Amino acid sequence: MKNIVILISGRGSNMEAIVRAAIPGARIAAVIANRPDASGLAFASAHGIEAVCLDHKAFADRAAFDEALRQRIDAYAPDVVVLAGFMRVLGEGFVRHYEGRLINIHPSLLPAFPGLHTHRRALESGATVHGATVHFVTAELDSGPVLVQAVVPVLPDDDEAALATRVLQEEHRIYPQALRWIVEGRTRIAGQRVLVQDRARDQAALISPPLDA
Ligand code: NHR
Ligand code: GAR
Numbered sequence: 003m004k005n006i007v008i009l010i011s012g013r014g015s016n017m018e019a020i021v022r023a024a025i026p027g028a029r030i031a032a033v034i035a036n037r038p039d040a041s042g043l044a045f046a047s048a049h050g051i052e053a054v055c056l057d058h059k060a061f062a063d064r065a066a067f068d069e070a071l072r073q074r075i076d077a078y079a080p081d082v083v084v085l086a087g088f089m090r091v092l093g094e095g096f097v098r099h100y101e102g103r104l105i106n107i108h109p110s111l112l113p114a115f116p117g118l119h120t121h122r123r124a125l126e127s128g129a130t131v132h133g134a135t136v137h138f139v140t141a142e143l144d145s146g147p148v149l150v151q152a153v154v155p156v157l158p159d160d161d162e163a164a165l166a167t168r169v170l171q172e173e174h175r176i177y178p179q180a181l182r183w184i185v186e187g188r189t190r191i192a193g194q195r196v197l198v199q200d201r202a203r204d205q206a207a208l209i210s211p212p213l214d215a
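As structure tokens, this is what we get:
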């Protein structure tokens, strides 16, 4: 059995998608939030998962929070640590400690739009496609090796909320899949690339807006 620890900051719908996926061989050992008002903690508790709040505001600085967080996580002997809407930047020491077993989902097609407010920035850029990326976390923000990406169209009537909803729906598909690949031991990091054994080989292009028939 592989132990999974999931870190959230809010609603936790990606955490929920992972829990509902019931990945064979994976046990969600704990869900930890850095904010007491993270509503995802209630879902975790209701599903018999240990739900922990570690309020970053209770710590003197980032290093102290990182260290306390690391100790809480390590108590569960995790094989994989999953950032699911986790909103605190983590220090180099923390990231190095979990190297190769720490993953994040970011709401853009990296390397486009690292950081915050990705949907607004995608709309402003005029891009006609946008999406989400699951990646291994490295010290440099939103820059680690990519496991999987989902592309959605940007539609003419989109506002930030509509685009975010379309992206989130795909996040809920790709994040459980990526975690499953890791739990099954099928991923290998080769430089900036991630190789997935025996993955589907669909070479279809995604074009937005669609070409005329
Ligand atoms: N830490 C490292 N070292 N590397 C990454 O790739 C990380 C990370 C921590 C979180 C998630 C990331 C995202 O997917 C993530 C990736 C928070 C911020 C941020 O600026 C940026 C990126 C991400 C998460 N946070 C502010 C901060 O001061 C707080 C913002 C808030 O609380 O609303 O930490 O986008
Ligand atoms: C998701 O869209 C996730 O990609 C994004 O926040 C949302 C969290 O939703 N993550 C970040 O922006 C990280 N900086 P959720 O709490 O319902 O999973």
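Each residue of the sequence shown is one higher than the one before, starting from 3 at the first, in the numbering used here.
Even for Gly, the Cβ is constructed at its ideal location relative to N, Cα and C.
These numbers were taken from a predicted model, which means no experiment stands behind them.
- C-alpha of Gln151 to C-alpha of Ile176: approximately 7 Å in a straight line.
- Relative to the non-hydrogen atoms of ligand 2, the Cβ of Ser47 never comes closer than 6 Å to any of them.
- With respect to the 7 Å criterion, Gly133 and Leu111 are classified as neighbours on the basis of their beta carbons.
- In terms of Cβ geometry, His108 and Asp68 do not form a close pair [threshold 7 Å].
- Secondary structure within the stretch 41 to 83: the beta strand (DSSP E) runs of 3 or more consecutive residues, fully enclosed, are 52 to 55 (chain order).
- DSSP lists Val148, Ala192 as the beta-bridge partner residues of Arg195.
- Between the stretch 28 to 39 and the stretch 47 to 63, the count of C-beta pairs closer than 8 Å reaches three or more; the two stretches touch.
- Take the alpha-carbon of Pro155 and the one of Arg182: they are about 26 Å apart.
- At least one heavy atom of ligand 1 sits closer than 6 Å to the Cβ of Asp144.
- Secondary structure note for Leu170: its alpha helix (DSSP H) is the uninterrupted segment 162 to 185.
- Nearest Cα to Leu170 within the set Val91, Gly14, Met3: Gly14.
- Between Ala124 and Ile10, the C-beta gap is not smaller than 7 Å, which leaves the two residues out of contact.
- For Met17, the Cβ stays outside the 6 Å cut-off from all heavy atoms of ligand 1.
- Counting along the chain, the unbroken beta strand (DSSP E) around His108 starts and ends at 104 to 108.
- Relative to ligand 2, the nearest heavy atom lies less than 6 Å away from the CB of Ala86.
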